[in-house]
Structure formats: C-alpha cells, structure tokens
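Numbered by the numbering used here, the letters in the sequence shown go through residues 189 to 435 in order. A virtual CB, placed ideally from N, CA and C, is assigned to each residue, including glycine. Here's the structure we're looking at; comments come further down.
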Amino acid sequence: MPRLVILSGPSGIGKSPLHKALERLYPEQAEHLKPLVLYNSRDPRPGEKDGVAYHFRSRAEIEGLRGSDGFLVCEVRSDLQALELQSVKDVLNEGNDAFFEGNPYVIAAMQDSGFLADIDTVSAFISPLLKEEILDLRLPERRVDLRSFVTDVMRRKLLRRTQKQKGILSLKDLENIETRCGCAFQELQYAHRFDWVIPNHDGEDSENWDAFYYPVGDARQALLAFVAVLEGQTSERGEKWEEDLLR
Numbered sequence: 189m190p191r192l193v194i195l196s197g198p199s200g201i202g203k204s205p206l207h208k209a210l211e212r213l214y215p216e217q218a219e220h221l222k223p224l225v226l227y228n229s230r231d232p233r234p235g236e237k238d239g240v241a242y243h244f245r246s247r248a249e250i251e252g253l254r255g256s257d258g259f260l261v262c263e264v265r266s267d268l269q270a271l272e273l274q275s276v277k278d279v280l281n282e283g284n285d286a287f288f289e290g291n292p293y294v295i296a297a298m299q300d301s302g303f304l305a306d307i308d309t310v311s312a313f314i315s316p317l318l319k320e321e322i323l324d325l326r327l328p329e330r331r332v333d334l335r336s337f338v339t340d341v342m343r344r345k346l347l348r349r350t351q352k353q354k355g356i357l358s359l360k361d362l363e364n365i366e367t368r369c370g371c372a373f374q375e376l377q378y379a380h381r382f383d384w385v386i387p388n389h390d391g392e393d394s395e396n397w398d399a400f401y402y403p404v405g406d407a408r409q410a411l412l413a414f415v416a417v418l419e420g421q422t423s424e425r426g427e428k429w430e431e432d433l434l435r
C-alpha cells in the first residue's frame with residue numbers, strides 16, 4: 189500500500205545527505221520514494237534547483253496561497269512554506285510512496301488538520317542528541333540549560349555547513365543561522381509525534397557522509413536506521429521519545 193514517508197529534523201541535522209546516501213547505496217528503497225516539492229520563500233542554496241528542491245517563490249506569492257483550498261501554509265524558521273495537499277494524493281494514487289524531507293512544522297500541521305487520518309504514514313525524526321544524553325543533561329547537578337545547549341550544538345553544525353557552501357559568511361548568513369539554530373529546541377519538541385527518533389551526531393556539515401563512498405560513524409548508523417524504518421524493521425539506533433522528554 190502506498191504511504192507517506194516522512195524524514196524530519198532540525199535544519200542542518202543531515203536529512204539531505206542521508207537521502208543522497210540512500211539513493212546511492214539502497215536504490216531499491218529509494219526508487220519508490222517520490223519527493224514532494226514544497227513552495228518556499230527563501231533564496232535557493234548553492235546547487236538547489238527551482239522545481240526540484242522547492243518551488244522558490246516570493247513571500248507574497250506564498251502568502252496568497254493561504255486562502256486557497258488545498259494548500260497548507262506554515263511559517264518555518266522565518267521563511268514561509270506551502271504544501272499542495274493534492275500533490276501528496278497524486279503520488280499515492282500513482283502507486284508510489286510520497287516522500288517528505290523537511291521541517292516538522294508542516295508535518296504537525298498535516299497531523300493537526302486531520303489530513304493524514306486516511307493516509308498510511310511512516311515517519312522518522314533525526315535528532316542531534318541521544319535520549320540518554322538528554323536525560324543526563326537534564327540532571328540538576330549538570331546545571332545545563334538544555335535549550336541553550338541544543339542551540340549551540342546546531343549553531344556549530346550550521347556554521348560549518350554554510351562555510352562549506354559559501355566560504356566567507358555574510359551578516360545575512362549569520363542571522364539566518366541564528367534563526368535556524370534558535371528553532372532547533374522547539375523542533376525537538378515535535379519528535380515524540382514521529383514513529384522513530386534517530387540520533388545522529390554527524391550533521392550535514394560532517395565529512396562522514398561523503399569523504400568516502402560509504403558513510404561512516406553516526407552517518408552510517410543513521411542511514412541504516414532509516415533503511416530499517418522503510419523496511420518496517422526495528423533498529424537498535426531507533427528511539428521512542430515521550431512528550432515530556434524536553435520539558
């Protein structure tokens with residue numbers, strides 16, 4: 189039965205390189221995934237193509253979709269994104285799995301709207317921390333502000349990713365990074381809504397994804413865990429999170 193396959197997590201966590209590794213090393217699983225293309229108000233990143241990564245449109249154009257039937261419009265890390273709901277059904281009606289790779293806000297909006305009630309879904313959320321690490325950091329004697337800790341973890345990943353893409357960073361780049369890393373803790377609070385949480389310390393900035401033909405380290409473990417999710421198997425790497433884990 190065709191299903192909606194969801195891969196989500198904070199910006200820079202490694203969703204895109206994981207998908208690329210899946211296509212390269214597990215083509216039989218990847219070929220059944222038909223990516224959904226959302227509308228996005230942000231500028232394209234180096235290497236992104238309009239109509240492939242996103243439909244890049246102005247904020248005003250996407251805002252205009254808010255009143256249209258069949259569109260879900262969400263504010264995402266200071267950008268505006270929109271999903272045409274019929275595009276999900278079209279992929280499923282063709283007998284393929286629809287593949288959503290992106291932020292958790294759109295997924296939460298689909299869940300809350302009831303759109304997913306009659307759609308078979310399988311979902312994974314990529315986290316920068318293990319559940320055990322979060323529990324340890326929450327101990328009173330650690331004296332750690334978990335929100336600030338998560339923000340700094342993702343800030344470093346995003347700085348390295350953007351430097352790889354652009355070299356010298358502009359003020360606009362740095363402001364964008366602050367917005368994205370500042371949303372990470374809030375986004376982790378959505379993780380309990382997903383079937384599986386896959387911890388991964390190798391973000392999009394890590395050479396463990398592409399320095400060698402085969403991913404190594406946490407990148408490899410995250411890939412194998414996602415393959416297990418696609419195949420309906422359990423993985424030692426996969427975790428189940430409670431709603432109050434990040435209280």
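Whole-angstrom distance between residue j and residue i, CA atom to CA atom
i	j	result
residue 348	residue 393	6 Å
residue 435	residue 291	21 Å
residue 402	residue 336	33 Å
residue 406	residue 340	19 Å
residue 222	residue 331	45 Å
residue 408	residue 396	8 Å
residue 246	residue 232	12 Å
residue 410	residue 213	13 Å
Simplified DSSP state of residue i, which is helix, strand or coil
i	result
residue 293	helix
residue 232	coil
residue 301	helix
residue 404	coil
residue 272	strand
residue 365	helix
residue 309	strand
residue 433	coil
residue 250	helix
residue 380	helix
Proximity of residue i and residue j at Cβ, strictly below 8 Å
i	j	result
residue 317	residue 387	yes
residue 242	residue 261	no
Residue i, buried or exposed, once every other Cβ within 10 Å from all chains shown has been counted against 16
i	result
residue 298	buried
residue 437	There is simply no residue 437 to check, as the chain begins at 189 and stops at 435 in what is shown.
residue 345	buried
residue 229	buried
residue 430	exposed
residue 308	exposed
residue 248	exposed
residue 315	buried
Closer than 7 Å: residue i CB and nearest the ligand ZN heavy atom
i	result
residue 272	Within the structure as shown, the ligand ZN is missing, as the structure has no ligands at all.
Reference residue i, options the options, closest by Cα
i	options	result
residue 220	423, 400 and 419	419
residue 271	296, 284 and 283	296
residue 227	238, 364 and 217	238
residue 446	276, 199, 190 and 189	Since the first residue shown for the chain is 189 and the last is 435, residue 446 is missing from the structure and cannot be characterised.
residue 289	240, 395 and 246	240
residue 282	361, 192, 426 and 253	192
residue 421	358, 311 and 404	311
residue 252	321, 268 and 264	268
residue 364	350, 218, 259 and 190	350
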